[in-house]
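Some notes on the structure that comes next.
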Amino acid sequence: MKLSALAKIAVFLHGVYGIAFEPYNVSSLSKSSFFEQFDYDSVQSSHWVPSRGEKSDGSKYLGEWAVEEPKVYPGFAGDRALVMKSEAAYYAISRRLDTPLKTAKSDVVLQFEVKFQDGITCGGAYVKLLTDSSDQDHFSDRTPFEIMFGPDLCGSSNRVLFIVKTQVGSEVVESRIRTPPMARENRLSNLYTLVLRKNYDVEIRINGDVAKASNLFTPHFMVPPLSEPEYIEDAEATKPDDWDDRRFVEDETAHKPDNWDSDHGAMWIPNPDIEKPAGWNDDETQPEYIRDPEAEKPQDWDETEDGEWKAPLIRNPLCLYGCGHWEAPKIVNPNYKGAWVPPQIPNPNYQGEWTPPKMKNPAYTGKNEIDFSPVEALGIEVWSMQAGVSFDNIYLGHSVKEAQKIGNATFVPKSEAEYADYEKNKPKPKHEPAKPPRSFEDMLEDESVSQFSQFVEFLRLLVWTRYMSVKDFWAMFEADPVYTISSHPFRFAFYCAVFLIVFTFVFGAINIVAFMVLKKDTPAAPEKKEKEAEKEKIKELSEEEVLEIIRGTGASRGQTAPRRRN
């Protein structure tokens, strides 16, 4: 479906002036075709009848319908659609066809636009082809339909539903596509087209492109299948007891090597590089410790109080290098292979995987066809968490060309106009992407950055890369210390040396600071206080008193004046 030159001009004019909607000319359609553009003032003035019924589980259809212009990225001014107005509600509405559409042995084409104006988290937007329109006021999930088609999204589930309802005996079976295509969940109009040809070939198109194609009777396309196979597996058959489905068996002619257990069977073996000490005593009866024969009982030993005296134990001089059976320490066997197992060879009696034999299917009818009933009405019966879901330009008929012509004239220019509006008014992200940090090469190429700034940035990047390298090495060390040390011994030694040096300097600096702080706060010693008091006293003495103290008399000059003897 390509954009015509007229559509391109319409898109351009809409962007400049806002083109008004013009209804599609339905006179070119065949009389059996149905086309709905919702050119009404309201739902009440249309041919669509909202349901007042209830679902089979008793839930009511409380969803409100309206015919109005889309409010989000509108395509053309005045282009109305059928819009769901309520949140978290069940919806049901139907439209009786003026003339029932015959579907038996005819091509059937269903096409319509869906627009999730408020987005979609959980809800459906599919259309049912109803075979009974006698009670539109009570249209519900119990109303008979034969085909259901349209997008269905909820959480992680995203699919385009295509369901065919058939009668198998007295049971009604709903078959659906095993692997349906994904629906579009943007907020623009999307065109969904179902083409069911009279040879039962199926095409599901999304926006004009084929998203899924097959035949209703192709095996594994529909679940459950719409036709029974001619032959089925016999459910009562059992595998014979002598059926050999072993693909490989042990080689019975193979023999275990004589040296297997000694060379390959033990995980741990004696270390061949270690020899028995030269002075080892092989006598297993010799104890490792004996009573000292030269020891004597102390004279003050009282056996009544101290108990029986026993000489102290000393090393047996005959076992200075060891006594008893000597074994070399164990090491991992480098040639260990485990227990010997005979090799496997192709089974000469292999009969393959057993499958039950086929039998004639009693339910096989020999014809691949479905007797579709005429379509009397279109119905929309869905659940939606979001409001704003709109339906527009619904076509039902027999002609793929008519559907393509309608799509080219309505959907294509509308889609281009909506996309242009979206590009112009799309919401901005809450957080703009941050620019990547400047590299050192960027700074070198930037002439406005000084050499000093470049040098500082170089040092910063160097320190950062070293830090990240050490961090990665530490993560490896935590995960597997032995492997890390054995794989990077020099790097490990270097980091240990750096750590010791840094730790020494830091610990020394902390000690110096602590010493200075504690020294400042420690009270003066008593001797120091006495010396300081003595200095204060000396300051208070006169010069003569100081001299006398130095001379050792402690008396003043006046008191020691000489006297003449008689």
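Numbered per mature numbering (1 follows the signal peptide of the UniProt record, and there is no 0), the sequence shown spans residues -18 to -1, 1 to 548.
From the three backbone atoms N, C-alpha and C, an ideal C-beta is built for every residue, glycine too.
Under the Cβ criterion (8 Å, minimum of three pairs), the region 81 to 88 does not count as touching the region 44 to 63. Put simply, the backbone Cα of R78 is about 10 Å away from that of D117. One thing to note: P294 has its Cβ no nearer than 9 Å to the Cβ of A321. Contact annotation: Y73 and E384 have beta-carbon atoms that are not nearer than 9 Å. By the Cβ rule, the region 163 to 171 counts as touching the region 184 to 198, because three or more pairs are nearer than 8 Å.
Cβ-Cβ separation between F131 and I159: approximately 10 Å, too far for a contact (criterion under 8 Å). Excluding five sequence positions before and after P206, the CB atoms of its chain that fall closer than 7 Å to its own CB belong to V155, S157, given in chain order. For L111, the uninterrupted beta strand (DSSP E) run begins and ends at 109 to 112, by DSSP.
By the Cβ neighbour-count rule, P269 is exposed, with fewer than 16 other Cβ atoms within 10 Å of its own.
Taking 4 residues as the minimum length, the alpha helix (DSSP H) runs contained wholly in the region 373 to 417 are 382 to 388, 394 to 407, in order along the chain. Taken through DSSP and simplified to helix, strand or coil, Q326 comes out as strand. With respect to S435, K97 sits apart: the two C-beta atoms are not nearer than 9 Å. Counting C-beta atoms within 10 angstroms of its own C-beta, F487 has fewer than 16 neighbours from the protein chains shown and is therefore classed as exposed. Using a Cβ distance threshold of 9 Å, D374 and S68 do not count as a contacting pair. Around the Cβ of V357, a 10 Å sphere holds 16 or more other Cβ atoms; the residue is buried.
The C-alpha of S138 is placed about 39 Å away from the C-alpha of W336. One thing to note: Y108 has its Cβ no nearer than 9 Å to the Cβ of I352. N197 is bridged by DSSP to D183.
Using a Cβ-Cβ distance cut-off of 8 Å, the region 324 to 332 and the region 252 to 271 are not in contact, since fewer than three pairs of beta carbons, one from each stretch, lie closer than that value.
Bounds of any alpha helix (DSSP H) do not take in Q19, whose DSSP letter is neither H nor E. In this model, R442 and F459 are separated by some 25 Å (Cα to Cα). Excluding sequence positions up to five before and after Y303, its CB lies within less than 6 Å of the CB of P259, G261, W262, all in the same chain and listed in chain order. The secondary-structure analysis by DSSP pairs G106 across a beta bridge with D134.
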